[in-house]
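In the working numbering, the protein residues as written are 334 to 487.
Rendered as structure tokens:
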């Protein structure tokens, strides 16, 4: 039965017609916030009324790209552009793939733009890769299911 579930390490990212490889994606969550309201004369409980939906920023990690990728150029122009230049927003799609490379779940982050760029610490005593982290703010995300996960594994 375990082979019927998608694995978390096989995914791809696309934006503005370009694809980019990342080793980690996090921050895919949304939460309906609530507001507590007291009712006159009722001390046993408070009503919880639905409020706005909140979400975390999308955080992507990968080995540092040695050449100037379109994604990195977008980050530089957005973060270093100052407030005089308008920030260009793009939709970003993150697709979870099955072992055959077929999309089984897709998240689309609407009006995304980079808000943070960082690299891992440089340490002369270690021989690991330099990891770059890019964080995106976005308006909201949608969840697509191109097909039944069960049917993709047959």
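Cβ atoms here follow ideal geometry from the backbone N, Cα and C, with glycine treated the same way.
N-terminal and C-terminal residue of the alpha helix (DSSP H) that residue i is part of
| i | result |
| --- | --- |
| residue 413 | 403-413 |
Nearest residue (CA-CA) to residue i, options the options
| i | options | result |
| --- | --- | --- |
| residue 362 | 441, 398, 453 | 441 |
| residue 477 | 437, 471, 393 | 437 |
| residue 468 | 455, 454, 404 | 404 |
| residue 389 | 370, 375, 358, 374 | 358 |
Separation of residue j from residue i, as counted between CA atoms
| i | j | result |
| --- | --- | --- |
| residue 382 | residue 372 | 12 angstroms |
| residue 418 | residue 409 | 12 angstroms |
| residue 486 | residue 429 | Confidence at residue 486 is low in this model, with a pLDDT of 41, below 50, so the placement of that residue should be treated as unreliable; the coordinate-derived value is given next. Rounded to whole angstroms, residue 486 to residue 429 spans 13 angstroms at the Cα level. |
| residue 352 | residue 449 | 20 angstroms |
| residue 387 | residue 434 | 31 angstroms |
| residue 379 | residue 364 | 20 angstroms |
| residue 377 | residue 367 | 18 angstroms |
| residue 456 | residue 400 | 22 angstroms |
Same chain, Cβ closer than 8 angstroms to residue i, five either side skipped, listed in chain order
| i | result |
| --- | --- |
| residue 397 | 452, 462, 463, 464, 465 |
Residue range of the beta strand (DSSP E) that includes residue i
| i | result |
| --- | --- |
| residue 350 | Here residue 350 belongs to no beta strand (DSSP E), and DSSP marks it neither H nor E. |
Residues near residue i by beta carbon distance below 6 angstroms, same chain, minus five either side
| i | result |
| --- | --- |
| residue 411 | 420, 446, 447 |
| residue 472 | 443, 444 |
Extract the residue ranges of the alpha helix (DSSP H) inside the segment 414-441, only unbroken runs of 4 or more that lie entirely within it.
none
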